[in-house]
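> Can you keep this structure in mind? I'll have questions shortly.
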């Protein structure tokens with residue numbers, strides 16, 4: 210039994226009251242390891258990621274943790290963040306939600322990471338967030354690699370932060386483009402039949418775009434040989450002149466390869482998630498030229514754009530880490546951008562790093578963070594929205610996406626009914642030393 | 049006090065010999081004094097309670113004043129023939145069980161007795177839903193034991209499954225008789241959620257796969273009611289067999305409802321419909337032989353996403369539907385009318401959150417919508433309000449914890465969802481918060497604050513990440529050892545003894561252990577102490 214008397218109670222209350230009044234004036238105190246959140250010492254920060262390193266979604270996505278690690282290692286060579294060096298524990302969840310839950314539990318309970326970073330996939334991230342009770346435990350989940358708009362909802366996901374523009378934003382921007390460029394054409398939509406696709410459908414609906422043909426597919430079923438063939442058969446029957454594919458890259462591969470095999474031609478419009486040439490090449494390099502002429506969407510600079518300061522620095526760091534044996538592609542840019550934002554957040558949280566402090570730093574300062582993205586960041590005390598727009602481009606025969614009109618024309622919008630407008634956002638310059 | 053094999057006044061070997069072989073002649077007359085036999089310092093007694101319930105108890109010459117009063121789990125209230133394997137063969141029995149695992153492994157009883165504890169347990173005069181009979185039998189048995197062993201000071205009520213409900217009920221209604229409580233995979237709560245869980249699973253199964261399956265409405269004639277139950281079990285086993293055969297192809301049973309046939313015509317695989325039924329009821333998507341993450345050679349990537357969740361539900365569904373049949377029928381008998389009602393249930397809302405997690409296995413949102421549309425159009429079950437009103441009295445608890453209580457539970461339970469334990473946890477969190485508030489208020493008056501003792505510890509048998517084995521044909525190997533944290537109450541002797549040890553130590557020290565000590569003690573026997581771990585609450589309570 211803990212017994213305290215009334216006098217002590219009163220004294221304690223008074224002390225607490227004074228502490229509350231004076232907290233802003235108290236100078237920063239030395240780091241106290243015994244009071245620290247898990248995963249943090251005076252000289253280290255341990256972060257964790259669970260993502261598909263094997264399994265159906267591994268091609269392409271498996272490069273993300275390695276790209277993150279390359280950037281963190283680079284930061285460590287510069288002294289780390291506020292004197293702390295970053296380690297990244299990476300787990301393979303095979304893109305299976307139940308496995309993602311198990312891996313997240315390992316990261317939190319066994320590895321005792323300070324925060325999760327860059328978890329990948331809507332279903333996996335939803336599952337692990339709910340099952341491991343991230344918000345109840347107060348574990349930050351930074352910059353999840355999914356564009357499901359729900360993760361920006363601070364009330365439902367108080368410790369989770371998006372990084373990608375939402376699929377609703379993407380669909381709205383895509384709809385504006387299609388209405389302008391393909392008026393009167395027969396339109397078809399192939400979409401992943403889950404929250405990913407539901408977000409897209411909501412965005413298209415908001416933008417007032419309807420398709421002549423809708424082809425849903427269950428996430429994962431694109432790995433079955435009959436699935437892609439079935440899509441092309443339906444597209445042929447419908448006479449689709451423009452086909453939007455709102456799915457993952459393995460779905461793009463299935464669609465393009467089967468269209469090619471069947472001699473079916475349509476104007477492909479690929480969502481940002483499904484237009485990754487490296488992922489498509491992982492199935493067969495012969496499929497990459499099939500991207501030629503397809504329209505694509507991105508919010509980061511093209512990986513081939515060496516005139517961009519961020520891309521240039523990221524390439525330098527990545528090459529130093531892995532040589533030239535690995536292609537510097539969208540997935541690498543995604544991983545390094547993710548790690549870059551994590552570092553900005555840790556910097557903003559200051560030397561007395563806590564989980565609560567980190568979340569607060571992103572909410573209060575996140576919209577002003579330096580980032581490679583060409584669109585504004587939407588972090589605020591009310592919403593955990595990441596990037597907020599896209600530029601539109603055309604794929605070439607090597608799979609490179611180059612901006613239409615020779616320059617990045619960025620459109621921005623929200624996940625609601627707000628309009629799609631051309632962005633006037635001025636991206637902050639790359640900080641000194643790439644930090 | 050540590051319960052171990054270390055030498056005591058009584059040797060373990062002697063106790064083992066006794067418990068395994070000595071047959072005590074039990075009096076046949078109800079309420080007669082127990083017949084006892086003592087050998088090698090161990091006294092075993094057997095008797096029959098006032099209502100005819102057989103009981104037995106054991107204590108040794110080194111009896112230390114603490115007795116463990118055991119309540120056994122559910123036993124079907126009817127005989128089940130061997131033709132209904134694996135549910136049968138079963139012959140109704142009221143045999144007494146003085147401790148956990150008494151029918152398969154005497155080591156728990158033996159070690160406790162060797163360490164100086166008494167063990168006691170009734171067989172209860174009625175099987176099936178028997179809370180009333182169990183409460184009476186347990187109270188009577190405590191008195192009988194104390195008469196035989198007047199030095200008894202401490203009673204620890206422990207039970208498994210439905211028996212855990214009896215232990216909790218005893219503590220709630222007669223706190224003066226109980227000092228500590230141990231609940232293993234507890235099987236009831238006060239809001240009819242377990243009955244609803246069984247009803248939801250049965251109804252979904254009926255609505256899609258065989259409209260002749262009964263959810264409720266059993267005859268009042270005993271013979272007819274028994275035949276209806278057995279017929280239901282037979283139909284359920286038949287449909288499960290057909291669903292199993294169609295797991296890969298997606299083929300539907302020929303008994304499918306018109307709605308099921310419509311889904312079949314639209315290309316929705318039967319496995320997706322089965323999974324949807326499991327999810328809307330809250331059946332676990334991991335089972336004894338299906339970890340949900342492994343796949344057979346050559347199909348390792350797509351199997352966990354496309355097939356495994358439905359296979360796990362199929363494996364769990366057998367026990368869920370069959371026990372559901374027996375318990376709903378028994379509930380109706382006791383309550384005097386239909387007890388399951390789903391006229392207002394929104395099944396689509398129930399699966400909304402799961403649709404993405406199991407998207408491939410459910411065949412996508414469009415298929416889920418189709419399944420839910422069929423279920424929305426299927427006839428619902430209407431209960432008899434007077435009968436429903438009686439259910440809390442038959443299986444109800446307040447969940448209030450006033451005695452030190454240890455619960456241990458598998459994360460992926462086969463047919464009694466871990467949601468029950470979450471209900472205990474959430475309820476106690478409120479209870480404890482209120483106790484702290486009351487203590488603070490009292491402190492304002494008295495000037496002295498005493499932090500209330502926290503009376504609940506939950507130990508989890510967490511489900512391992514990978515344990516599935518596959519046959520050469522690519523199907524789960526059902527002969528393999530079940531994965532940790534699965535099945536129904538598959539607790540080991542070491543786990544039971546660890547719980548007993550924690551409880552006796554706690555009662556001596558006046559508080560339940562916490563922190564590293566508890567974590568280590570749990571880990572030693574394959575359990576986990578994680579105060580922040582949660583499992584979903586019942587679907588019907590979400």
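Residue numbers (our numbering), protein chains in the order written: chain A, 210 to 644; chain B, 49 to 590. The beta carbon of each residue, even a glycine, is placed where N, CA and C say it ideally should be.
Comparing C-alpha positions only, which one of 414/A, 415/A and 468/A sits nearest to residue 722/A?
Examination of residue 722/A is not possible in this model, given that chain A is present from 210 through 644 alone.
> Within 8 angstroms of any Cβ in chain A, is that where the Cβ of residue 353/B sits?
Answer yes: the Cβ-Cβ gap between residue 353/B and chain A drops below 8 angstroms somewhere.
> For residue 225/A, does the count of other Cβ atoms within 10 angstroms reach 16, so buried, or fall short, so exposed?
Reliability of the predicted coordinates at residue 225/A is poor, the pLDDT of 36 falling under 50, and no value is obtained from them.
> Closer than 8 angstroms is the cut-off here; do at least three beta carbon pairs connect the segment 412-426 of chain A with the segment 311-320 of chain A?
The segment 412-426 of chain A, when compared against the segment 311-320 of chain A, does not touch it at the 8 angstroms Cβ threshold.
> Examine the Cβ distances between the segment 184-202 of chain B and the segment 427-439 of chain B and report whether three or more of them are shorter than 8 angstroms.
Output reads no: the segment 427-439 of chain B does not touch the segment 184-202 of chain B.
> Is there contact here, the segment 345-364 of chain A with the segment 401-409 of chain A, by at least three beta-carbon pairs under 8 angstroms?
Result yes; three or more Cβ-Cβ pairs closer than 8 angstroms.
> So, does the segment 569-578 of chain A touch the segment 471-478 of chain A, judging by three or more C-beta pairs under 8 angstroms?
Touching, no.
> From 258/A, 449/A, 300/A and 387/A, pick the residue whose C-alpha is nearest to that of residue 601/A; which is it?
Comparing Cα positions, the closest option is 387/A.
> For my contact list, residue 336/A and residue 309/A are in at a C-beta cut-off of 8 angstroms; report their separation, rounded to the angstrom.
At roughly 6 angstroms, the Cβ-Cβ gap stays under 8 angstroms, so residue 336/A and residue 309/A are in contact.
> Would you mind reading off the limits of the beta strand (DSSP E) that contains residue 593/A?
Element bounds for residue 593/A: 593-596.
> Pick out whichever of 402/B, 100/B, 297/B and 468/B has its Cα sitting closest to the Cα of residue 403/A.
Minimum Cα distance to residue 403/A is reached at 402/B.
> Answer with yes or no whether the minimum CB distance from residue 250/A to chain B is below 8 angstroms.
No, residue 250/A does not count as interfacial toward chain B.
> Buried or exposed, going by whether 16 or more other CB atoms sit within 10 Å of the CB of residue 614/A?
With fewer than 16 Cβ atoms within 10 Å of its Cβ, residue 614/A is classed as exposed.
> DSSP state of residue 359/B, grouped into three classes?
Helix.
> Residue range of the alpha helix (DSSP H) that residue 399/B falls in?
Note, residue 399/B: alpha helix (DSSP H), 395-400.
> Say whether chain B places a C-beta atom closer than 8 angstroms to the C-beta of residue 403/A.
So yes, residue 403/A belongs to the interface.
> Start and end of the beta strand (DSSP E) containing residue 456/B?
Note, residue 456/B: beta strand (DSSP E), 453-458.
> Excluding the 5 residues flanking residue 70/B on each side, which residues of the same chain have their C-beta closer than 7 angstroms to its C-beta?
With a pLDDT of 41 at residue 70/B, under the threshold of 50, the predicted position of this residue should be treated as unreliable, and no value is reported.
> Per DSSP, which one or two residues make a beta bridge with residue 102/B?
DSSP output for residue 102/B lists 96/B as bridge partner(s).
> Along the segment 418-447 of chain A, what residues have a CB closer than 8 angstroms to any CB found in chain B?
Hits within the stretch, in order: 425, 426, 427, 428, 429, 430, 432 and 433.
> State the beta-bridge partners of residue 230/B as determined by DSSP.
In DSSP, residue 230/B forms a bridge with 206/B and 454/B.
> Using three-state DSSP, classify residue 532/A as helix, strand or coil.
In this structure, residue 532/A counts as coil in the three-state DSSP scheme.
> On a CA-only basis, which of 599/A, 311/A, 527/A and 269/A is nearest residue 385/A? Give me that one, please.
Nearest option by C-alpha distance: 599/A.
> Given that residue 582/B touches chain A, what residues does it touch there, using C-beta distances under 7 angstroms?
By Cβ distance, chain A contributes 342.
> Which class does residue 83/B belong to by DSSP, given the choice of helix, strand or coil?
Correct three-state label for residue 83/B: strand.
> At a CB-CB cut-off below 8 angstroms, which residues of chain B make contact with residue 311/A?
341 and 513, listed in chain order.
> May I have the straight-line CA-CA distance separating residue 579/B from residue 459/B, to the nearest angstrom?
Each residue's Cα considered, the two are about 14 angstroms apart.
> From the beta carbon of residue 236/A, is the nearest beta carbon of chain B less than 8 angstroms away?
With a pLDDT of only 41 at residue 236/A, under 50, the local geometry of the prediction cannot be trusted, and the value read off the model is given with reservation. Not closer than 8 angstroms to any Cβ of chain B, the Cβ of residue 236/A fails to qualify, so no.
> Determine which residues share a DSSP beta bridge with residue 194/B and list them.
Per DSSP, none; premise fails for residue 194/B.
> For a contact meaning CB atoms closer than 8 angstroms, what does residue 268/B contact in chain A?
Those do not exist, as residue 268/B stays about 44 angstroms from chain A at its closest Cβ, beyond 8 angstroms.
> Only counting runs of 4 or more residues, tell me where the alpha helix (DSSP H) segments fall wholly within the segment 397-479 of chain A, in order along the chain.
Runs of the alpha helix (DSSP H) inside the segment 397-479 of chain A: 404-416, 434-447 and 458-471.
> Would residue 228/B be called buried (16 or more neighbouring beta carbons within 10 Å of its own) or exposed?
Burial call: buried.
> Using the three-state DSSP reduction, which class does residue 509/B fall into: helix, strand or coil?
Residue 509/B falls in the strand class under three-state DSSP.
> Rounded to whole angstroms, what's the CA-CA distance from residue 340/B to residue 528/B? Just pull it up for me.
Rounded to the nearest angstrom, the two C-alpha atoms are 15 angstroms apart.
> So which residues on chain A does residue 411/B lean against when the C-beta distance must stay under 9 angstroms?
The answer, in chain order, is 402, 427 and 430.
> Going by alpha carbons, who is nearest to residue 462/A out of 399/A, 420/A and 447/A?
The shortest C-alpha separation from residue 462/A is found at 399/A.
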